[in-house]
Amino acid sequence: MRNRANIFYSLIVLCVSGTSLWAQNKFAQLDMELPTPNSYRNASGGPGHAYYQQQADYKMDIRIDDKTQRLSGEEVITYRNNSPDRLEFLWLQLDQNLFKPDSDSKLIRVERMEDFRSIKSLTRRNFEYDGGFKVESVEETSGRAMKYFINKTMMRIDPVKPLEPGQSISFKIKWWYHINDRSKVGGRSGLEYFEEDKNYLYTIAQFFPRMCVYNDVEGWQNKQFLGAGEFALPFGDYEVKITVPEDHIVGATGELQNASQVLSSQQRDRMKQAMNSDQPVMIVTQAEAEENEKEQSTGNKTWVFKAKNVRDFAFASSRKFIWDAQGVDIGSKRVLAMSYFPKEGNPLWERYSTKLVAHTIKTYSKYTIDYPYPVAISVHTNRIGMEYPMICFNGGRPEKDGTYSEGTKYGMWGVIIHEVGHNFFPMIINSDERQWTWMDEGLNTFVQYLTEQEWERDYPSRRGPARYIVDYMKGDPNNIAPIMTNSESLFQFGNNAYGKPATALNILRETVMGRELFDYAFKTYCERWKFKHPTPADFFRTMEEASAVDLDWFWRGWFFTTDHVDIALSSVKHYQLNTHNPEVEKAFQKKQDDEQVPFIKTERNKKDIPQTVNERDANIDDFYAKRDVYEVDALDKKEYEEFKKKLSAEELELLNKNQHYYEVSFENIGGLVMPLIVKANFADGSQETIRIPAEIWRKRHDQVSKVFVFDQEVVSLELDPLLETADTDLSNNYWPTRSIPSRFELFNERRNYENPMQRQKRLQE
Amino acid sequence: MSFAHSYYFAFAEIEYKPTEKRIEATLTASIHEMEDVFKSKKLVKKHLEGMSHSKENLKKIEAELGADFYLVLNGEKVLLKLLDFECTLEGKINFYLYRDEIVLPKEASFLVFKTLMKAYENQQNKASLIIGDHRQTIVFLKNSEKQKINL
Ligand SMILES: [Zn+2]
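Those sequence lines, one after another, are chains A and B. Each residue of the first sequence is one higher than the one before, starting from -17 at the first, in our numbering. Each residue of the second sequence is one higher than the one before, starting from 11 at the first, in our numbering.
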């Protein structure tokens, strides 16, 4: 149905209601939700003039006993109090206490008897294993014992005198623990035993008592480690001596200090080659590693590593390691990308791992900050992926016969990019993981997506594209938590802390801000907070400040609520202007009248009444009956001329343009306000897409309308044609209405086609 | 960190076609999560992606899925038939299920959706029902595994 609108009354009637509280909330600034800016963190989202952070330097002596699979260590921590506060006590993290038999993480697990229906599940339930820290001593450097108290995964040390601002303290801790077998008790680090050659592969982390963060936001971050929320750690310099069986190869955070003592001259030569090569060079080949596996020598060797300005330290050690490396240019520096993996990782690992490491640090450097460390390492473990500064442990294992599925390949690629990417979030841009998982996982998953797309065109990224978050977000919001929820209270980590924030950032980049503004602001955040401790507010504020885009509505909707996107194209009305030109208007009226569907009686009467009276009797029809209402007479023409005289040249031109006006109404069903992206398809096959900022919803949140003006008549309209807003119901996005095939129907259609392999077969016949 | 299996979320899109008296459903979960459960039940040795789509296998999977995902109509358990399954490169597995000769009784149609809940403490599922223009999205949790279908 088309309407004729008179030019002299307003075309656009926006439904402007009073200020409903609800609508006000959607676009209100985040004043209540964010902490007040102060001298430590300023209003623009940067570190304030009084920003400080603590420093924790470590000197460690670590030993792995391959016979008993025990790790023992001694460390001297030098802690510098850069805060303006006097510290009566110091808090350290004993994460390995998660593996104590009485750990809270076990006690707080909700259980029902029906969860244990098999003997196997009961055995696992009752499996007792003590992998907790055995702290042997805490001493001053003079050797005098210090007072300490262990509260589950936290240890408090009480110095004799409080630590004053600007003061440092050094103390020594001695400890040991059983290294957990990851296949039995899980864990981010631990050991893997290879039955066939009777060798261990150690990926070691969270292995030493580590200082907690003390800062302006939380004081001591001494929230217990329950398993989900990861770590909050201060920066420092590390010097670590690692003693392992002499036939082990060790990879670690930092630079190797004693290559001449632990590497052969051939290996050292290969390292030099690798540094200058843009392709991986083998430092230890598979043949050499297989030889090494057989020896099981009993002597020991000590590897020494130094790392500057890192927040943690991890290492891997095994006689099974194959080792390759290549150089990669980052800014003016050359970084060594390396991989350590057992033969079980091949053929995938030799082919891809080191190249992926190099690609990841290069791509992340483009979007965030230049990778600042000298090495970047990927170590192969089974299944898990876990990150530490400069080094990470990654899954992706082929079958025993050397074959692997496409899924395994993409899984391995994805996990290496993800874990190497964690060097940037949170290792360098050091957010508090225990409090906010999304700040590292979400931001990292977002840049992971960008990196994957640069690795292979149309890479099947698991998270990032808007359409993948739709299932999770749609419907009942009561059982999902906002992104701004503490890590331990989250359900569905994968979607909430990884997928949703990564999607939100993608939408910000592609749909709300545009790539140029987004990239600049995102990089600004990274530059401001590298080697510092940012909070969510610092991120939110910086993104706005560096882009001049008010994003409070976006943070509010996507990060503070569980609303979802479901915007419907609810009605479309078509108008054309009344030209007042009788030639045009009367012809238009005739066409409209001719197109009217006749009443049923008209049709039937044509047959049943052969002739009416006035058809028989010529004297019945008078002036009214005889006149042609569509005829243009002199008076019409005169009136039109007079009408035209009242118009300016511009008004007349507009009138004669014969444009089409569409009043389109939109309904917000899901609650999240989003930009409106409307694509119009015209009869001649051409298209036009109009993008309207989300602020169109600012006065009324549930319903808005907009008038679109086109030179041609529209055949159809689509809302969100490129699926960029995570709209959870596409069935209401089209005019005229379009039915959306279900997944089942789509599959059935696909299934009836020949698959690529069948086609190939036919080709060969 | 990134566990291969950190979704703890399965989703089902279920369409009821009243004129055909037919139900068509797509159950989506993470390959890794499903694979772990199937391995523990000895349904698959290595990877779901490599599992054959033989009639025999489909029957076994159908039975396994049917233990946790089914309709209850007028108090009676109604199982769906497995047409096929498909693994995506994004790490998801889709199971395509259907059942003919189905009439949903107005006040007595329920859906049970506890897939993976026994295996994962934090598992939560969601189903999206389509019946003509009517749409309903239902959340399934550990203590609410059975939910009413609004007609
Ligand atoms: Zn991660």
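Using N, Cα and C, we set each Cβ at its ideal position, and we do this for glycine too. Remember, it's a predicted structure, so these values are computed and weren't measured experimentally.
Just mark His144 (chain B) as buried or exposed, buried being the case when its beta carbon has 16 or more other beta carbons within 10 Å.
Your numbering for residue 144 (chain B) matches position 134 in the second sequence. Exposed, because fewer than 16 other Cβ atoms sit within 10 Å of the Cβ of His144 (chain B).
Residue range of the beta strand (DSSP E) that includes Gly396 (chain A)
Position 414 of the first sequence holds residue 396 (chain A). Taken as a continuous stretch (DSSP letters only), Gly396 (chain A) belongs to no beta strand (DSSP E), being part of the alpha helix (DSSP H) at 388 to 403.
Segment limits, beta strand (DSSP E) that includes Met42 (chain A):
Residue 42 (chain A) sits at position 60 when you count from the first residue of the first sequence. Run containing Met42 (chain A): 37 to 47, per the beta strand (DSSP E) assignment.
In this structure, what does DSSP give as the bridge partners for Phe287 (chain A)?
Start at 1 with the first residue of the first sequence, and residue 287 (chain A) comes out as number 305. DSSP, once it has assigned bridges, lists A:Val222, A:Leu238 as partnering Phe287 (chain A).
Closer than 9 Å at the beta carbon, the chain B residues around Pro442 (chain A)
For the purposes of this step, residue 442 (chain A) is identified with residue 460 of the first sequence, where counting begins at 1. Here the neighbours are Thr98, Leu99, Glu100, Gly101.
Straight-line Cα distance separating Phe79 (chain B) from Phe95 (chain B):
For the purposes of this step, residue 95 (chain B) is taken as the residue at position 85 of the second sequence. For the purposes of this step, residue 79 (chain B) is taken as the residue at position 69 of the second sequence. C-alpha separation (whole angstroms): 15 Å.
For ligand 1, is there a heavy atom less than 7 Å away from the beta-carbon of Asn426 (chain A)?
Within the first sequence, the letter at position 444 stands for residue 426 (chain A). At least one heavy atom of ligand 1 is nearer than 7 Å to the Cβ of Asn426 (chain A), so yes.
For His400 (chain A), is the beta carbon positioned less than 7 Å from some heavy atom of ligand 1?
Counting from one through the first sequence, the residue named residue 400 (chain A) turns up at place 418. Relative to ligand 1, the beta carbon of His400 (chain A) is positioned inside 7 Å of a heavy atom.
C-alpha gap between Asn135 (chain B) and Lys205 (chain A), whole angstroms:
As a first step, residue 135 (chain B) is located in the second sequence; it is residue number 125 there, counting from the start. As a first step, residue 205 (chain A) is located in the first sequence; it is residue number 223 there, counting from the start. So the alpha carbons of these two residues sit roughly 30 Å apart.
According to DSSP, is Asn730 (chain A) part of a helix, a strand, or is it coil?
The residue you call residue 730 (chain A) lines up with position 748 of the first sequence. If DSSP states are grouped into helix, strand and coil, Asn730 (chain A) belongs with the helices.
CB contact check: Phe81 (chain A) to chain B, cutoff 8 Å
Locating residue 81 (chain A) in the first sequence gives position 99, where the first residue counts as 1. It does not; no Cβ of chain B falls within 8 Å.
Quick one: does Thr200 (chain B) have its CB under 8 Å from some CB of chain A?
Chain B is shown from 11 up to 161; residue 200 (chain B) falls before or after that span and cannot be answered.
Under the criterion of a Cβ to heavy atom distance below 7 Å, does Glu423 (chain A) qualify as lining ligand 1?
The residue given as residue 423 (chain A) occupies position 441 in the first sequence. Correct: Glu423 (chain A) has its Cβ closer than 7 Å to ligand 1.
Taking three-plus beta-carbon pairs below 8 Å as touching, is the region 434 to 454 of chain A in contact with the region 215 to 231 of chain A?
Counting Cβ pairs under 8 Å, fewer than three are found: no touch.
Do the CB positions of Trp679 (chain A) and Val689 (chain A) come within less than 8 Å of each other?
Start at 1 with the first residue of the first sequence, and residue 679 (chain A) comes out as number 697. Start at 1 with the first residue of the first sequence, and residue 689 (chain A) comes out as number 707. The answer is no: Cβ separation not under 8 Å.
Say the cut is 7 Å; is the CB of His42 (chain B) nearer than that to a heavy atom of ligand 1?
Position 32 of the second sequence holds residue 42 (chain B). No.
Report the partner residues of Lys661 (chain A) according to the DSSP bridge assignment.
Indexing the first sequence from 1 puts residue 661 (chain A) at position 679. A:Thr671, A:Glu700, per the DSSP bridge assignment.
With distances taken between CB atoms, is the gap from Gly233 (chain A) to Ile312 (chain A) smaller than 8 Å?
In the first sequence, residue 233 (chain A) corresponds to position 251, counting from 1. In the first sequence, residue 312 (chain A) corresponds to position 330, counting from 1. No. Outside cutoff.
Chain A beta carbons: is any one of them nearer than 8 Å to that of Gly76 (chain B)?
As a first step, residue 76 (chain B) must be located in the second sequence, where it is residue number 66. At a cut-off of 8 Å between C-beta atoms, Gly76 (chain B) does not count as an interface residue with respect to chain A.
Exposed or buried, Gly101 (chain B), counting other C-beta atoms within 10 Å across all chains shown (16 or more means buried)?
As a working mapping, residue 101 (chain B) is identified with position 91 in the second sequence. Classification of Gly101 (chain B): buried, given that the 10 Å Cβ count is 16 or more.
Is Arg23 (chain A) helix, strand or coil by DSSP?
Mapped onto the first sequence, residue 23 (chain A) falls at position 41. Strand at Arg23 (chain A).
If you draw a straight line from the alpha carbon of Ala32 (chain A) to that of Ser21 (chain A), how long is it in whole angstroms?
Looking up residue 32 (chain A) in the first sequence gives position 50. Looking up residue 21 (chain A) in the first sequence gives position 39. When rounded, the distance between both Cα atoms is 5 Å.
Name, please, each residue of chain B whose Cβ falls closer than 7 Å to the Cβ of Arg725 (chain A).
By one-based count along the first sequence, residue 725 (chain A) stands at place 743. Going along chain B in sequence order, the residues near Arg725 (chain A) (Cβ under 7 Å) are Glu23, Thr36, Asn104.
Any heavy atom of ligand 1 within a distance shorter than 7 Å of the CB on Glu434 (chain A)?
Within the first sequence, numbered from 1, the residue matching residue 434 (chain A) stands at position 452. Glu434 (chain A) has its CB no nearer than 7 Å to any heavy atom of ligand 1.
Residues that Gln75 (chain A) bridges to, as DSSP identifies them
Counted from its first residue, the first sequence places residue 75 (chain A) at position 93. A:Met136, A:Arg192.
My guess is that Val614 (chain A) and Lys681 (chain A) are in contact by the Cβ rule of under 8 Å, so how many angstroms apart are they, rounded?
Position 632 of the first sequence, counted from the first residue, corresponds to residue 614 (chain A). Position 699 of the first sequence, counted from the first residue, corresponds to residue 681 (chain A). Between Lys681 (chain A) and Val614 (chain A) the Cβ distance is about 45 Å, and since that is not below 8 Å, they are no contact.
For the 8 Å Cβ check, are there 3 or more pairs between the region 415 to 432 of chain A and the region 523 to 533 of chain A?
No, the region 415 to 432 of chain A does not touch the region 523 to 533 of chain A.
Which value, in whole angstroms, describes the spacing of the CA atoms of Ala528 (chain A) and His515 (chain A)?
The residue given as residue 528 (chain A) occupies position 546 in the first sequence. The residue given as residue 515 (chain A) occupies position 533 in the first sequence. Rounded to whole angstroms, Ala528 (chain A) and His515 (chain A) show a C-alpha spacing of 19 Å.
Any C-beta of chain B within less than 9 Å: which residues of the region 704 to 718 of chain A qualify?
Residues passing the 9 Å Cβ filter: Thr710, Asp711, Ser713.
Does at least one heavy atom of ligand 1 sit under 7 Å from the Cβ of Glu750 (chain A)?
Since the displayed chain A opens at -17 and closes at 747, residue 750 (chain A) lies outside it and no answer follows.
Can you name the residues that DSSP bridges to Ser687 (chain A)?
Numbered from 1 along the first sequence, position 705 holds the residue referred to as residue 687 (chain A). In DSSP, Ser687 (chain A) forms a bridge with A:Ser647.
Between Asn405 (chain A) and chain B, is any beta-carbon pair separated by less than 8 Å?
Here residue 405 (chain A) corresponds to residue number 423 of the first sequence, with the count starting at 1. Not one chain B Cβ lies under 8 Å of Asn405 (chain A).
For Pro29 (chain A), which three-state DSSP category applies?
Your numbering for residue 29 (chain A) matches position 47 in the first sequence. In this structure, DSSP gives Pro29 (chain A) an extended state, which the three-state scheme calls strand.
State yes or no: is the C-beta of His57 (chain B) nearer than 7 Å to some heavy atom of ligand 2?
This structure simply doesn't include ligand 2; it includes ligand 1 instead.
Could you check if His404 (chain A) belongs to the surroundings of ligand 1, using beta carbon to heavy atom distance under 7 Å?
Residue 404 (chain A) sits at position 422 when you count from the first residue of the first sequence. Closer than 7 Å to some heavy atom of ligand 1: that describes the Cβ of His404 (chain A).
Distance between Ile549 (chain A) and Ala39 (chain B) (C-alpha atoms, nearest Å)
For this step, residue 39 (chain B) is matched to residue 29 along the second sequence. For this step, residue 549 (chain A) is matched to residue 567 along the first sequence. Cα to Cα, the separation comes out at about 26 Å.
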